[in-house]
Amino acid sequence: MAKKRYRRWKRRDKRVPKSPVTLIPLGGTREIGKNMTVVEYGDDIVVIDAGIAFPDEELLGIDLVIPDIDYLLENRERVRGIVLTHGHEDHIGALPYVLPRLNVPVYGTKLTIGLVRKKLEEHRLVRQAKLNVVSTESRPIKLGSIAIEWIRTNHSIPDGAALAIHTPAGVIVHSGDFKIDPTPIDGRRTDVSRLSALGEKGVLAFFCDATNAEVPGYTPSEKVVGETFDQVFEEAEQRILIATFASNIHRIQQAIDTAVDHGRKVAIAGRSMRENTAVAEELGFLKIPKGTLVELEELSRLPDNKTVLLTTGSQGEPMAALTRMANNDHRQVQIRAGDTVIISATPIPGNESLVGRTIDNLFRLGAEVIYKEVAQVHVSGHASQEEIKMMTNMLRPEYIIPFHGEYRHLAAFLKVVEEMGYNRDRVIIPEVGDRIEVSRGRGVINGQVTSGPVFIDGLGIGDVGHIVLRDRMTLANNGVLVVVVVMDKQKGKFLSGPDIITRGFVYVRESEALLEQARKQAVGVLKEIEEKHITEWSVIKAKIQETLGVYFDVVTGRRPNILPIIIEV
Ligand SMILES: [Zn+2]
Ligand SMILES: [Zn+2]
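The opening position of the sequence shown corresponds to residue 21 in this note's numbering, with each subsequent residue numbered one higher.
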């Protein structure tokens, strides 16, 4: 069957030779986060998603990481728009940094655009933004020679979609982040009939979410969590607190529904959750029965067994509401013995110890803590192996490009589709910036474009690079030692100093002898410099650094950053 189809394509190709479509991941491959993929055909460029990544621990002081968009800026007159799969930060979070430099139209489903609008309002960028709401029911949006169609999928945020990207070279399907949930909370099932129809017609390439490619079987339905909530509510005698992702509207819906069933009122703590629930309710994605929601202050006046508190902090984020409560540092809520706290989330890689600490602290305060390891209070929003196979079977793409995964996830994905009979040369695992060219019967990586991470630190975008980060790292690891001298440059004489100031190197009060010895070493070098009539700053600095560097290495085994400062008079 597949062979026949392939031959037919080949024949057709001879009649109408088509140039290939170019696909460039600018982020989101061999990494989780900062998703951005370029689709390019002829004069037209369409960008899929514009996400952020959170910094690794070694990126000291960095707030966020976004994709490098130089390639898009160089080709700005060809960029027709940015199309969004769903409203998670790793797919929309970079828009406030991208749009001021590349103000192209943005397209997404209702909730996705609602969340983008909120985000742009915060950055005071909403007025100039060209936001367009699309629907999974409407006709494809034409952007030059490329037409985009949104297809319903399930995920841990409502209104998510896969994209069918119709190009003259063939159809590209981008899964977005997806799972196949047969019993979704909002009744909005993955549109398998549309996906199968695309498969029937022929899909050239398929970008597939590989997050859970290591996980066998099916990802459980979101509904399972509601059942667990019900059991927990049944047993809880006092207050119930539920922490989850602020964007997991389905989860929030289930918490509210369970609260209503058990005659409890609900309050919300944490700014991001308040904002997201407000947007979701306004747009009809969250249904809160009248009289259910109360203010946080009101909650304390109700009997304990009549209350539920929904809160942020499921990742142990230091400033989030639950973390503060666990630290006994929240203005309005104190954790008490008898409270039941549900952590309805899984730690994002890197956050495990923060979440662990929050759970420890909650237990210490006497709460009963229920988390993923002890009850099914969380399910993933991403497809496991069997769903990846289902999706691939429906689409039967000629080429598969796994994304949304570290290399190990992509390697696991490769095994899954190889098991299905896909040859290795049909699976493309690009690096960020690779130009993938696909046409019928041909899929190759052909060169690279400018790409990489751009670091955001405070208001600065991209001004902190590897040199600054390296300095921060050595400062953090070794501390700094400043040597100040005053010099009469004309006479080549030192007038005062050396004074030594340190931070993060040794505790000064207990190291006076050490620093006095160091000062004497420095005096020795300065004398030598005077005698040799050395007046060149770089040489003077290097000599001070060398002498003190050797001295501290021998005496302490440490290598502080030595910063000579020469004041000239
Ligand atoms: Zn997502
Ligand atoms: Zn994602």
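Note that beta-carbon positions come from the ideal geometry of N, C-alpha and C, so glycine has one too.
Exclusion of Gly134 from the 8 Å shell around ligand 1 follows from its C-beta lying no nearer than that to any non-hydrogen atom of the ligand.
For Lys162, the enclosing beta strand (DSSP E) has its first and last residue at 161-163.
Counting of Cβ neighbours within 10 angstroms places Lys513 among the exposed residues, the total staying below 16. Of the candidates Gln352, Ser400, Ala346, Arg351, the residue whose Cα lies closest to the Cα of Val375 is Ala346.
The three-state reading of DSSP puts Gly461 in coil, since its state is none of H, G, I, E or B. Residue pairing by DSSP places Tyr127 opposite Val103, Asn152 in a beta bridge. For Asn55, the shortest C-beta to heavy atom distance toward ligand 2 is below 8 Å. For Phe249, there is no enclosing beta strand (DSSP E); the enclosing alpha helix (DSSP H) covers residues 243-255.
Sixteen is the threshold: when 16 or more other Cβ atoms of the shown chains lie within 10 Å of the Cβ of Pro422, as they do, the residue is buried. Taking 8 Å as the cut-off, one finds no heavy atom of ligand 2 near enough to the beta carbon of Gly113. Membership of Lys547 in the alpha helix (DSSP H) is indicated by the continuous run 532-551.
Assignment of alpha helix (DSSP H) within the stretch 279-339, counting only whole runs of 4 or more residues, yields 291-302, 316-319 in chain order. Taking C-beta atoms as the reference points, Leu415 and Thr49 fail to come closer than 9 Å. Taking the Cβ of Gly180 as the reference point, at least one heavy atom of ligand 1 falls within a distance shorter than 8 Å.
In this chain, the beta strand (DSSP E) harbouring Glu60 covers 56-61.
Met507 sits in a strand when the DSSP states are folded into three classes. With contacts defined by Cβ atoms closer than 9 Å, Gly237 and Ser400 do not form a contacting pair. Here Tyr117 carries a helix assignment [DSSP, helix/strand/coil]. Checking the 8 Å criterion, the Cβ of His429 is out of range of every heavy atom belonging to ligand 2. Residue state for Thr210 is assigned as coil, using DSSP reduced to three classes. By the neighbour-count definition (other C-beta atoms within 10 Å, threshold 16), Tyr127 is a buried residue. Looking at the DSSP output, Glu169 bridges to Ala184. Annotated three-state conformation of Asn413 is helix, per DSSP. Of the residues Ile52, Ser216, Asp83, Glu77, the one whose Cα lies closest to the Cα of Gly478 is Asp83. For the set Pro188, Gln396, Arg460, Val299, the Cα lying nearest the Cα of Ile420 is the one of Arg460. With 16 or more other Cβ atoms inside 10 Å of its own Cβ, Gln335 counts as buried. In this structure the stretch 162-177 touches the stretch 60-80; the number of beta carbon pairs closer than 8 Å is three or more.
For the pair Lys130 and Gly113, the CB atoms are not nearer than the 9 Å cut-off. Val191 and Leu224 have their C-alpha atoms spaced approximately 5 Å apart.
Counting of Cβ neighbours within 10 angstroms places Glu318 among the exposed residues, the total staying below 16.
Within 10 angstroms of the beta-carbon of Met56 lie 16 or more other beta-carbons, which makes it buried.
Shown here, Asp69 sits in coil according to DSSP, grouped into three states, outside any helix or strand. Between ligand 1 and Asp63, a heavy atom-to-CB distance of less than 8 Å is absent. The nearest non-hydrogen atom of ligand 2 is less than 8 Å from the C-beta of Gly71. Residue pairing of Val85 in beta bridges, as defined by DSSP: Ala73, Phe475. Asp250 and Leu342 have their C-alpha atoms roughly 21 Å apart.
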